Amino acid sequence: MCDGKCLDLSFAATEAEASAGIAQLSRCLEVHGLPAHKAGDVKIALAEAINNVVEHAYADITPAKVKVRCRLHQNWLDILISDTGNPLPGFRVPDGVPAPLGSSIDELPEGGFGWFLIHELTSDIRYERCDGCNRLSLRFEFPRPPCGQKRPQ
Amino acid sequence: MALTSTTTDATQIITVHSDRIDAAMAIQFKEDMRTQADGGAARVVLDLTGVEFIDSSGLGAIVASMKQLGNDRRLDLAGLHPFVEKVFRLTRMDTVFKLYPTLDDALATTAG
């Protein structure tokens, strides 16, 4: 069932293709009415989730496709990201614990923020593994209707 | 990844000429920062005015760039777009770097 606006994109799971795909999806979502104040959150979470697929799901195997399906409703956005790479560890969504900053510059983390950002920026995260396919669903809620209102700059 | 650099007094300004610093360009950014900053002033200001988007890989590359400068030099950040600033705030990296709204603000302030 789909009563919202639909937007699908599929691209090869490489860093360059992902970068272009994320930019294209973000532009299309805003054109289709995603509120401007939510667009940044969606882009960051989308990028982190897709980068995880590129960097981890296809880490030791030949990269295949990443499929992204967006359903934009009046007050929420559902994004389904699917791939045929390796499953998430333990077949579950990783915790959103941020990497500790440490006590000196040398100890500062240079990674480990991806899942933390996804948890912070989404309303709901679901993961399922079926038939060799990873399906990660992200939901973003925005209480005010996205259409017919003045967009903040 | 296009970076340009100018030096005024004791400050080197490195400007990023890309609308994003993401996973696809993080390694190149780190390498280019090493080249640009080599032998420069004690204080480096990274001008992010043109950068509209950063992900955690890009953030990691900026952290790595600061580490590359060593203990005697510092890296400040200027001209952060709201989306970019949000990534720094959520990860608490805003407590590690000095963030300035504009390049002029950064240059008006002497490194502390």
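First to last, the sequence lines map onto chains A and B.
First residue of the first sequence? That's 1 in this note's numbering, and the numbers climb one at a time after it.
First residue of the second sequence? That's 154 in this note's numbering, and the numbers climb one at a time after it.
Beta carbons are placed, not taken as given, at the ideal position from N, Cα and C, and that holds for glycine.
Since the structure is predicted, the reported quantities are computational estimates derived from the model, not experimental observations.
Checking the sheet assignment: what are the DSSP bridge partners for residue i?
| i | result |
| --- | --- |
| A:Lys38 | Beta-bridge pairing links A:Lys38 to no other residue. |
| A:Asn86 | Paired residues: none, contrary to the question. |
| A:Lys5 | A:Leu72 |
| A:Glu141 | A:Trp76 |
| A:Ala12 | A:Lys65 |
| A:Cys130 | A:Cys133 |
| B:Thr160 | B:Gln165 |
| B:Ile174 | B:Ile207 |
| A:Asp124 | A:Arg139 |
| B:Leu252 | B:Leu230 |
Rounded to the nearest angstrom, what separates residue i and residue j at their Cα positions?
| i | j | result |
| --- | --- | --- |
| A:Thr62 | B:Asp162 | 51 angstroms |
| A:Leu9 | A:Gly114 | 22 angstroms |
| A:Lys65 | A:Gly112 | 24 angstroms |
| A:Lys38 | B:Phe206 | 14 angstroms |
| A:Gly132 | B:Leu252 | 45 angstroms |
| B:Gly193 | B:Ala179 | 22 angstroms |
| A:Cys2 | A:Ala49 | Unreliable placement is indicated for A:Cys2, whose pLDDT of 45 sits below 50; the coordinate value is still reported in the next sentence. A:Cys2 and A:Ala49: Cα-Cα distance of roughly 23 angstroms. |
| B:Gly232 | B:Asp172 | 13 angstroms |
| A:Ser19 | B:Ala195 | 34 angstroms |
| B:Val216 | B:Thr157 | 19 angstroms |
| B:Gly213 | B:Leu199 | 15 angstroms |
| A:Leu108 | A:Gly4 | 42 angstroms |
| A:Cys70 | A:Cys6 | 6 angstroms |
| B:Ala141 | A:Arg126 | Because chain B in this structure spans residues 154 to 265, residue 141 of chain B falls outside the shown range and cannot be described. |
| B:Ser260 | B:Asp229 | Per the sequence shown, residue 260 of chain B should be read as Leu rather than Ser. So the two alpha carbons sit approximately 10 angstroms from each other. |
| A:Pro94 | A:Gly21 | 24 angstroms |
| A:Gly33 | A:Asp106 | 43 angstroms |
| B:Ala155 | A:Leu88 | 35 angstroms |
| A:Glu128 | B:Thr168 | 43 angstroms |
| B:Ser218 | A:Gln74 | 42 angstroms |
| B:Phe236 | A:Arg139 | 19 angstroms |
| B:Ala190 | A:Glu110 | 19 angstroms |
| B:Pro254 | A:Leu72 | 33 angstroms |
| B:Lys239 | A:Ala36 | 14 angstroms |
Residues of chain A with CB under 7 angstroms from residue i, in chain order?
| i | result |
| --- | --- |
| B:Ser209 | Glu48, Gly111, Phe113, Gly114 and Leu117 |
| B:Lys239 | Gly40 |
| B:Leu212 | Phe113 |
| B:Ala217 | Glu110 |
| B:Val249 | Leu101 and Leu108 |
Applying a beta-carbon distance threshold of less than 8 angstroms, which residues of chain B neighbour residue i?
| i | result |
| --- | --- |
| A:Asp106 | Lys220 |
| A:Ala16 | Ala177 |
| A:Glu120 | Leu243 |
| A:Ser19 | Arg173, Asp175, Ala176, Ala177 and Met178 |
Determine the chain B residues that contact residue i at a beta-carbon separation under 7 angstroms, and present them in chain order.
| i | result |
| --- | --- |
| A:Asn51 | Ala176, Asp208 and Ser210 |
In chain B, what lies closer than 9 angstroms to residue i by C-beta?
| i | result |
| --- | --- |
| A:Ile44 | Phe206, Ile207, Asp208, Ser209, Phe236, Lys239, Val240 and Leu243 |
| A:Pro157 | Examination of residue 157 of chain A is not possible in this model, given that chain A is present from 1 through 153 alone. |
Just to check my reading of the structure: residue i and residue j have Cβ atoms closer than 8 angstroms, yes? What is that Cβ distance to the nearest angstrom?
| i | j | result |
| --- | --- | --- |
| A:Val156 | A:Ile79 | Residue 156 of chain A is absent from the structure shown; chain A starts at 1 and stops at 153. |
Subject >> Those runs of the beta strand (DSSP E) which lie wholly inside the stretch 44-84 of chain A and span at least 3 residues >> reply: The qualifying runs are 65-72 and 76-83.
**OP:** At 3 residues or longer, and completely inside the stretch 184-236 of chain B: list those beta strand (DSSP E) runs for me, N to C.
**Re:** Fully enclosed beta strand (DSSP E) runs of 3 or longer: 196-200 and 227-231.
Subject >> Every unbroken alpha helix (DSSP H) within the stretch 85-121 of chain A, with a cutoff of 4 residues, ordered by chain >> reply: Uninterrupted alpha helix (DSSP H) stretches at least 4 residues long and entirely within the stretch 85-121 of chain A occur at 114-121, given in chain order.
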